[in-house]
Amino acid sequence: MKHLNSLLTSTLCLALLLAGCKKPKPDDDIAVLPEHGAIVLNEGGWGNNEAELSVIDYSDMTTTNSFFSKLNGRGLGDVAQDVVVYGNKIYVAVWGSNSVEAIDRTTGKSTHIDMGNRGPRYIACDGGKVYVTCYTPSSVVRIDTTSLHIDATCQLSGAQPEGLCIVGGTIYVVNSWKKDSAGNPIYDSTLSVVDKSTFAETQKLTIGLNPQKVKVVDNSHIAVSYSGNYDNLPGGLAIVNLGDMSISRLTGNISNIDTYNGKVYYYAHNYGQAWNGRINIVDGQTLQESSITVSETSSYSAQYYPYAINVNPATGEIYVAGAQYGANGDVYCFTQTGSLKWKAEVGPLPSKIVEL
């Protein structure tokens, strides 16, 4: 009986360990994308040509790293910027390699879309089209999901665009910065409003210096994060009321954002310092703030820092990526109370987590 109790205890401990930490999947067991799981975009270091995808399978708690190259026989490219799951494909913008990859949801095989020298950044999808912000020139290009060819370009009047989102018949694009002739940054502060039907810029709103990300809060509000000049002009969060285009702002060091259930989730991180483990939550209409402190805070340091935040739209679970240059990163899954649900080792510089 003593031996049986010991065996049962060992089995229970093993089960709990496997539930809390996703294990890597062997290289000889690479399957197609799971029915229930997540894709992690690993940005990779500049010039290292090491961008990749990691796939987390919720059914057996395993992680497959280097998923793209294992199924396609080639690398994803240099500096992956964004990933979106839409229809039967997964679209990845690879900025350094000037490409967009259209990955088949069933087979994992990809079609390479050459973007010339445009410098693709962020992706939004709607109505059978893929919209991609591009640096050169400052624009949004439209890709048809059937032909996988660019079928239109909307020229923007601002500096280099970053994030974009779509609400109804309108595309909202942030204009961030550009360089002058001496290579010094010139920061923009505007949000371009693009009519989706005419695919033309119709309006610009002044948001805040150096806007980076824009997310849909609800059908009447969007959230924009802006970074300031990284010195004496601070960043913040702007909430735009789409009914009257009025803007409410919060000032602060807001590094990254996502939205869930009418609220904005963000972390604030000062480079060169350890993260305090606090996730701030802002009501998208009232701007009332609350926060939670996640477990595993001691894992973060000046060298190992938060690099992404995403919220599972179905469960509200919060993903925070931990990153360090020159090494693989980790994805932490936290509950709404801040406790750790699971952790997975992924690729270099994980920058976005999306559900399959």
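First residue of the sequence shown? That's 34 in our numbering, and the numbers climb one at a time after it. C-beta atoms are modelled at their ideal positions from N, C-alpha and C, and glycine is treated no differently.
Can you look up residue i in the DSSP assignment and give me helix, strand or coil?
i, result
"residue 265", "coil"
"residue 330", "helix"
"residue 86", "strand"
"residue 275", "coil"
"residue 217", "coil"
"residue 222", "strand"
"residue 104", "helix"
"residue 65", "coil"
"residue 112", "coil"
"residue 370", "coil"
"residue 244", "strand"
"residue 337", "coil"
Compute the Euclidean distance between the alpha carbons of residue i and residue j, then round it to the nearest angstrom.
i, j, result
"residue 105", "residue 285", "42 angstroms"
"residue 362", "residue 92", "22 angstroms"
"residue 321", "residue 315", "6 angstroms"
"residue 310", "residue 326", "5 angstroms"
"residue 176", "residue 385", "22 angstroms"
"residue 180", "residue 328", "46 angstroms"
"residue 194", "residue 331", "35 angstroms"
"residue 109", "residue 129", "11 angstroms"
"residue 354", "residue 68", "22 angstroms"
"residue 138", "residue 266", "43 angstroms"
"residue 308", "residue 231", "44 angstroms"
"residue 61", "residue 141", "Low confidence applies here, because residue 61 scores a pLDDT of 48, under 50, leaving its location unreliable; read the following figure in that light. Near 16 angstroms, if we compare the C-alpha coordinates of residue 141 and residue 61."
"residue 113", "residue 282", "30 angstroms"
"residue 27", "residue 192", "In the structure displayed, the chain extends from 34 to 389; residue 27 sits before or after that span and is not available."
Return the chain-ordered list of same chain residues with a C-beta closer than 7 angstroms to the C-beta of residue i, the five sequence neighbours on each side being excluded.
i, result
"residue 306", "335"
"residue 71", "89, 386, 387, 388 and 389"
"residue 324", "311, 312, 313 and 314"
Quick one: what's got a C-beta closer than 6 angstroms to residue i's C-beta in the same chain, skipping five residues either side?
i, result
"residue 277", "none"
"residue 279", "none"
Keeping to the same chain, check which residues put their C-beta closer than 8 angstroms to that of residue i; ignore five residues upstream and five downstream.
i, result
"residue 233", "187 and 227"
"residue 268", "241, 242, 243, 258, 259, 260, 261, 284, 285, 286 and 287"
Assuming residue i and residue j are in contact, meaning their beta carbons sit under 8 angstroms apart, how far apart are those beta carbons, in whole angstroms?
i, j, result
"residue 252", "residue 200", "7 angstroms"
"residue 289", "residue 342", "5 angstroms"
Between residue i and chain E, is the shortest Cβ-Cβ distance under 9 angstroms, so that the two count as touching?
i, result
"residue 131", "Here there is only one protein chain, and chain E is not present."
Query raised in the report: Per the contact definition of three or more C-beta pairs closer than 8 angstroms, is the segment 94 to 104 in contact with the segment 149 to 164?
Result: no
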